[in-house]
Amino acid sequence: MTAAQLTARRGGPLKGRVRAPGDKSISHRALILGALATGETKIEGLLEGEDVKRTAAAMAAFGAEVERLGEGAWRVRGHGGLAEPKDVVDCGNSGTGVRLIMGAAAGYDLAATFTGDESLRGRPMRRVLKPLGEMGASWTARSNERLPLTLKGGGLKRIAYRLPEPSAQVKSAVLLAGLNAAGGAEVIEPEATRDHTERMLRAFGVNVEVKDADDERRIVVPGGQALTGTFVRVPGDPSSAAFPLVAALITPGSEVTVEGVLLNPLRTGLFETLREMGADLTYSNVREESGEQVGDITARHSALTGVVVPPGRAPSMIDEYPILGVAAAFAEGPTVMRGLAELRVKESDRIALMARGLEACGVAVEEEPEGLTVVGAVRANHGVAGGAAVTTHGDHRIAMSHLVLGLASGEAVSVDQPGMIATSFPGFVELMRSLGGEIAAV
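Every number in our numbering is 17 more than the matching position in the sequence shown, counting from 1.
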């Protein structure tokens, strides 16, 4: 996509059945575990966004054979471990990719230098480096542990690490490092985060122990375990499915079904919240594929009401708060979102960017250090004005969220740097157009 801007404007109702791109979290993990394993791993439904392509290239740099067989179909032939890369490993915009790869690489006697795009180079790596350092890894980096960064692995010892804040990326990095640590690794979670790493490790033949208590979850991976290549079918990404589903909820007369969406209970916080707001959101054809629950989700235009979102729900919907902010703009009354400190250090400061974008579109917003309250604009004869040109700072979820807002607002909404949408949702514009959405390049 080479357009300098994309513009969305209100049109008719959205109708149709579509399939969301493959889940990004599972796609990253399938490539990484395939590289760590011995033998062949075949992957179907892999997200072919820029972030995941960077992880595929990184696994090839670490010595795995990585081959694209067709659309969404990939093969990884691993050799039971990682070899030292001959060049710098560029992870592009992917925070998930670089943090998980650093965890995996820390278990081997090698040195690897990581970099990324301007956004990723500005994101702190301290949270993941701290436990890796306690296990015995070392590194040199820019100030505040930012990329470019050279990591030296090998000789790791066991750790029992309590996460200071919920983070599936940090948890996963520690567990992957623990595969080659003397005594393995244990992670203690005060709040459960997405568990794709634990599920997929089991699919690759690894013993993973999960112990739930009243106030914490303990995940243990004994060390010295070998991974065996397997088959992985990647379900549709709920974070991506959220965009056409919310667009249907806020556009009169709409009915949209997204097929094959991941329904892991640690990823469905947004759908739970939307239902609490009064959304007509239904599941069908629910089944299990590759150890994950998937199903089809149908959304119909609904009268929404503002709610207070429990802060403890944040780990199950951390990437979906921007699109929830759009749904909240079309609700009656305030929607209160708190416990969102992590959004300040995503691809952008998502709290600030959503607040500025919504305000520019005529929505009342109250920004807090770790939260956001959106006061719905749906009152008698009063909807969302729109009419803004929104600055995204290259954040794909900020861009897509405001384009969805433009599909139902009074005036058109434009976003800059639309090329970044391909990092997580290649084909977003084409999919929305296929449902009847009016999105044009400028």
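Glycine included, every Cβ here is placed at the ideal spot set by N, Cα and C.
Predicted, not measured: the structure shown is a model, and the values here were computed from it.
When DSSP labels each residue in this structure, what does R284 get in the three-state scheme?
Sequence index remark: in the sequence shown, residue 284 carries index 267 (1-based). Three-state result, R284: coil.
Suppose you measure from the CA of T463 to the CA of L370; what does that come to, to the nearest Å?
This structure leaves residue 463 out entirely; the chain is present only between 18 and 459.
Would you report the Cα separation of T315 and S271, rounded to the nearest angstrom?
By one-based count along the sequence shown, residue 315 stands at place 298. By one-based count along the sequence shown, residue 271 stands at place 254. Approximately 10 Å, taken between the alpha carbons.
Measuring alpha carbon to alpha carbon, tell me which of G453, A457, A458 and G89 ends up nearest L31.
Residue 31 sits at position 14 when you count from the first residue of the sequence shown. Measuring C-alpha to C-alpha distances from L31 to each of G453, A457, A458 and G89 identifies G453 as the nearest.
Can you tell me the Cα-Cα spacing of A190 and L298, whole angstroms?
The residue you call residue 190 lines up with position 173 of the sequence shown. The residue you call residue 298 lines up with position 281 of the sequence shown. Going by the C-alpha atoms only, they are around 34 Å apart.
For the structure I just gave you, are there three or more beta carbon pairs, one from the segment 286-304 and one from the segment 47-65, closer than 8 Å?
No: the two stretches stay apart, fewer than three of their Cβ pairs being nearer than 8 Å.
Whole angstroms is fine: what's the gap from L50's alpha carbon to V382's?
Residue numbering aside, residue 50 sits at position 33 when the sequence shown is read from its first letter. Residue numbering aside, residue 382 sits at position 365 when the sequence shown is read from its first letter. Going from the Cα of L50 to the Cα of V382 covers about 42 Å.
With V96 as the anchor, note down where its beta strand (DSSP E) starts and where it stops.
Walking along the sequence shown from the start, residue 96 turns up at place 79. Per the sequence shown, the amino acid found at residue 96 is His instead of Val. Segment A90 to H96, the beta strand (DSSP E) holding H96.
Straight-line gap, F248 to R71 (C-alpha atoms, nearest Å)
Reading the sequence shown from its first residue, position 231 is the one you call residue 248. Reading the sequence shown from its first residue, position 54 is the one you call residue 71. Cα atoms of F248 and R71: separation of roughly 21 Å, rounded to the nearest angstrom.
Indicate the three-state DSSP secondary structure (helix, strand or coil) for F221 in the structure shown.
The residue given as residue 221 occupies position 204 in the sequence shown. Three-state result, F221: coil.
Going by DSSP in three states, M294 sits in which element: helix, strand or coil?
Here the question's residue 294 lines up with position 277 in the sequence shown. M294 falls in the coil class under three-state DSSP.
C-beta atoms of G133 and N161 nearer than 8 Å:
Position 116 of the sequence shown, counted from the start, is the residue given in the question as residue 133. Position 144 of the sequence shown, counted from the start, is the residue given in the question as residue 161. Not a contact, by the Cβ cut-off of 8 Å.
Beta-carbon spacing of A47, V251 below 8 Å:
In the sequence shown, residue 47 corresponds to position 30, counting from 1. In the sequence shown, residue 251 corresponds to position 234, counting from 1. Yes, Cβ-Cβ distance for A47 and V251 is below 8 Å.
Assuming L218 contacts A259 under a Cβ cut-off of 8 Å, what Cβ separation, rounded to an integer in Å, is found between them?
Your numbering for residue 218 matches position 201 in the sequence shown. Your numbering for residue 259 matches position 242 in the sequence shown. In this structure L218 does not touch A259 by the C-beta definition: roughly 27 Å separates them, more than the 8 Å allowed.
What number of angstroms, rounded off, separates the C-alpha of K174 from the C-alpha of V204?
As a working mapping, residue 174 is identified with position 157 in the sequence shown. As a working mapping, residue 204 is identified with position 187 in the sequence shown. Going from the Cα of K174 to the Cα of V204 covers about 14 Å.
Is D104 buried or exposed, if buried means 16 or more other CB atoms sit within 10 Å of its CB?
Locating residue 104 in the sequence shown gives position 87, counting from the first residue. By the neighbour-count rule (16 or more Cβ atoms within 10 Å), D104 is not buried but exposed.
Neighbourhood of D11 by C-beta distance below 7 Å, restricted to the same chain and skipping five residues each side:
This structure leaves residue 11 out entirely; the chain is present only between 18 and 459.
Taking buried to mean at least 16 other C-beta atoms within 10 Å of its own C-beta, is V459 buried or exposed?
Taking the first residue of the sequence shown as 1, we reach residue 459 at position 442. Exposed: under 16 other Cβ atoms inside 10 Å.
Following the continuous alpha helix (DSSP H) through P148, name the residue where it begins and the one where it ends.
Here the question's residue 148 lines up with position 131 in the sequence shown. Looking at the DSSP string, the run of the alpha helix (DSSP H) that includes P148 is R143 to M152.
Taking only three categories from DSSP, how would you classify D40?
Counting from one through the sequence shown, the residue named residue 40 turns up at place 23. In the structure shown, D40 adopts coil according to DSSP, grouped into three states.
Chain B within 8 Å of G312, Cβ atoms only
Protein chains in the displayed structure number just one, and chain B is not present.
Once the 5 residues before and after E376 are set aside, which same chain residues still bring their CB inside 8 Å of it?
Within the sequence shown, the letter at position 359 stands for residue 376. If the five residues before and after E376 are omitted, its C-beta is found closer than 8 Å to the C-beta atoms of V382, all from its own chain and listed in chain order.
Limits of the alpha helix (DSSP H) - the one that T132 falls within:
By one-based count along the sequence shown, residue 132 stands at place 115. No alpha helix (DSSP H) contains T132, which is instead part of the beta strand (DSSP E) from A128 to T132.
Take every Cβ of the segment 323-331, pair it with every Cβ of the segment 350-363, and state whether three or more of those distances are shorter than 8 Å.
As far as the Cβ criterion goes, the segment 323-331 touches the segment 350-363, which means the pair count is three or higher.
Near P165, which residues of its chain fall below 8 Å by C-beta distance, leaving aside the five closest residues on each side in sequence?
Your numbering for residue 165 matches position 148 in the sequence shown. Same-chain partners within the cutoff: V105, T130, F131, T132, R138, A158 and R159.
Taking contact to mean 3 or more Cβ pairs, one atom from each stretch, closer than 8 Å, check whether the segment 235-248 and the segment 86-96 are in contact.
Yes, the segment 235-248 touches the segment 86-96.
When you compare the segment 329-346 with the segment 419-439, are there three or more beta-carbon pairs, one atom per stretch, that lie closer than 8 Å?
yes
For A320, count neighbouring Cβ atoms within 10 angstroms of its own Cβ and tell me buried if that reaches 16, exposed if not.
The residue given as residue 320 occupies position 303 in the sequence shown. Label assigned to A320: exposed.
Pull up the distance between the alpha-carbon of V278 and that of A394, whole angstroms please.
Counted from its first residue, the sequence shown places residue 278 at position 261. Counted from its first residue, the sequence shown places residue 394 at position 377. Looking at the two C-alpha atoms, the distance is approximately 30 Å.
Classify R414 as buried or exposed, calling it buried when 16 or more other Cβ atoms lie within 10 Å of its own Cβ.
Position 397 of the sequence shown, counting from 1, holds the residue named residue 414. Classification of R414: buried, given that the 10 Å Cβ count is 16 or more.
G124 and N197 closer than 8 Å at C-beta
For the purposes of this step, residue 124 is identified with residue 107 of the sequence shown, where counting begins at 1. For the purposes of this step, residue 197 is identified with residue 180 of the sequence shown, where counting begins at 1. Closer than 8 Å, so yes.
Leaving aside the five residues before and after A358 along the sequence, list all residues of the same chain whose C-beta is less than 8 Å from its C-beta, in chain order.
Counted from its first residue, the sequence shown places residue 358 at position 341. Contacts found: E182, P386 and E387.
Just reading off the alpha helix (DSSP H) that Y338 is part of, what are its end residues?
The residue labelled residue 338 in the question sits at position 321 within the sequence shown. Here the alpha helix (DSSP H) through Y338 covers Y338 to A346.
For Y178, which residues does DSSP report across the bridge?
Mapped onto the sequence shown, residue 178 falls at position 161. Bridge partners of Y178: V204.
For S256, which of P443, G66 and T285 has the nearest alpha-carbon?
Here residue 256 refers to the residue found at position 239 when the sequence shown is read from its first residue. It is T285.
Buried or exposed: R179, going by 16 or more other Cβ atoms within 10 Å of its Cβ?
Here the question's residue 179 lines up with position 162 in the sequence shown. The Cβ neighbour count for R179, taken over all protein chains shown within 10 Å, is under 16; the residue is labelled exposed.
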